[in-house]
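Right, one structure below, let's go through it.
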Amino acid sequence: MPKDSHFVQSQDNASEKDSNKRVKYHVKSLREIRRAQNSVGLLIPRLPFMRVVKQITTNLCSLMKTSSFVNVRWKTQALLCLQEVVEDFSIDFMNDAYLCATHSHRVTLMAKDYAIVLSRGHNVLLYCLIF
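In the working numbering, the protein residues as written are -10 to 120.
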C-alpha cells in the first residue's frame, strides 16, 4: 500500500511541475499561426468589413455627384466575395513582404519590405482585372 500511495504522490508532483512551466512567447505565436492556417473561416470580422465597404462606396458616390449612384446596395454574397478577395490579397502581400525580410536575414517585417513589394507591382493588375 505505501508504494501505491507514493506512486500517486509522485504523479501529482509531476503534474504540478508541468503546469507551472511557462510557455515561451514564440511557441504561443507559432501555435496561433498554425491555428489560423488550419481554419477555413475569414480572418477579418464580417460586420466591420461591411461597414468600411459601405462607407467607401458612399464616399465615392458623393464624389461622383450623380443621381444614378446615390443609393448603392450590396448583396451579402457580393460582400463576402469581396472580403475573400481582400483577405487573399492582403495575405499574399504580407507573404511577399515576409519573403523580402527573410531574404535580408531578418524575422521582423519592416516598412522597407512593404515598399519593395509595392515597387515590384505585387500583382495589383491581376486583382484589378477580377473586378
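Glycine included, each C-beta is placed from N, C-alpha and C at the ideal position.
Only a predicted model underlies this, so the values are computations on that prediction, with no experimental measurement involved.
Assigned secondary structure, residue i (DSSP; H/G/I helix, E/B strand, else coil)
| i | result |
| --- | --- |
| residue 97 | coil |
| residue 41 | helix |
| residue 64 | coil |
| residue 109 | coil |
| residue 49 | helix |
| residue 11 | coil |
| residue 80 | helix |
| residue 36 | helix |
| residue 69 | helix |
For residue j and residue i, the rounded distance between their alpha carbons
| i | j | result |
| --- | --- | --- |
| residue 87 | residue 17 | 19 Å |
| residue 19 | residue 67 | 33 Å |
| residue 53 | residue 47 | 10 Å |
| residue 120 | residue 85 | Here residue 120 scores only 47 on pLDDT, less than 50, and its place in the model should not be relied on; the value that follows carries that caveat. Each residue's Cα considered, the two are about 22 Å apart. |
| residue 71 | residue 31 | 12 Å |
| residue 93 | residue 15 | 21 Å |
From the options, residue whose alpha carbon lies closest to that of residue i
| i | options | result |
| --- | --- | --- |
| residue 26 | 101, 76 and 64 | 76 |
| residue 38 | 11, 74 and 61 | 74 |
| residue 110 | 78, 49 and 36 | 78 |
| residue 81 | 106, 10, 60 and 95 | 106 |
| residue 83 | 69, 100 and 70 | 100 |
Check: residue i C-beta below 7 Å from any heavy atom of the ligand SAM
| i | result |
| --- | --- |
| residue 81 | Here there are no bound small molecules, and the ligand SAM is not part of this structure. |
First and last residue of the uninterrupted alpha helix (DSSP H) at residue i
| i | result |
| --- | --- |
| residue 16 | 14 to 27 |
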